[in-house]
Each structure stands twice: as C-alpha cells, then as structure tokens.
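Single-structure report; data block below.
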Amino acid sequence: MNSTTVYTEPVNRIKQRILFDDNLDNVSCLCSNWEEFVIEISEWGIYKLGGVDFDTLTPSDIERLDQFMVEQNGYIKEEVA
Numbered sequence: 016m017n018s019t020t021v022y023t024e025p026v027n028r029i030k031q032r033i034l035f036d037d038n039l040d041n042v043s044c045l046c047s048n049w050e051e052f053v054i055e056i057s058e059w060g061i062y063k064l065g066g067v068d069f070d071t072l073t074p075s076d077i078e079r080l081d082q083f084m085v086e087q088n089g090y091i092k093e094e095v096a
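Just so we're aligned: the sequence shown equals residues 16 to 96 in this note's numbering.
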C-alpha cells in the first residue's frame, strides 16, 4: 500500500459526490432518507457514487446517510448572482 494514500470512507465519498453535483444536491434536498434518494437517482441509472456501490454499504453506513438526508431535507439554497 502506498504510504501517501489517503483513505476516505465510503459514506464521506458519497456525501462529497452529492454536495459537488448540483443535480444530486437538489434531489437530496427533496428526499427524507437514503432509500428515497437511491430510488430517485436509480431512475437516472445511477447505482454508485464516488466509486461506492450502494450494495456494499453497511447498516451503519446507511444510518449515517439517512442522517445526511435529514440534514439536507428542506434546505433552501440561495442563488448566487
């Protein structure tokens, strides 16, 4: 293993990918939990984010992503001119 490699845990990679993509970020603001978010983006053919396959997530990971969705839910973004 490369000693300079930085390991980013799967939940953080997914959260970063959502926050850095306007479309995903907007969808996350409408979903009340991780399951709803996955259903919505699966309609776009997305089954992994940040290189993380959703099927590999543990119950603990999903719990943390549920909390992230709650934090995103209803968040109104201000347009920057």
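We treat Cβ as the ideally placed atom computed from N, Cα and C, and that holds for glycine. Note that this is a predicted model, so its numbers are computed, not measured.
Same chain, Cβ closer than 8 Å to residue i, five either side skipped, listed in chain order
| i | result |
| --- | --- |
| residue 55 | 42, 45 and 46 |
| residue 76 | 25 and 26 |
| residue 34 | 40 |
| residue 66 | 28 |
For residue i, three-class secondary structure by DSSP
| i | result |
| --- | --- |
| residue 70 | helix |
| residue 34 | helix |
| residue 45 | coil |
Minimum Cβ-Cβ distance from residue i to chain C less than 8 Å
| i | result |
| --- | --- |
| residue 30 | Absent from the structure: chain C. Only one protein chain is present. |
Cβ neighbours of residue i in the same chain (closer than 6 Å, five flanking residues each side left out)
| i | result |
| --- | --- |
| residue 87 | 43 and 44 |
| residue 16 | Residue placement at residue 16 is poorly supported in this model, since its pLDDT is 45, which falls under 50; the coordinates still yield a value, given next. Once the five neighbours on either side are set aside, residue 16 has no close Cβ partner at all. |
Top-ranked residue by Cα proximity to residue i, from the options
| i | options | result |
| --- | --- | --- |
| residue 83 | 62, 48, 68 and 61 | 48 |
Close beta carbons around residue i, own chain, < 7 Å, minus the five adjacent residues each side
| i | result |
| --- | --- |
| residue 31 | 65 |
| residue 79 | 26 |
Any non-hydrogen atom of the ligand ATP closer than 7 Å to residue i Cβ
| i | result |
| --- | --- |
| residue 87 | The ligand ATP is not among the ligands present in this structure, which contains no ligands whatsoever. |
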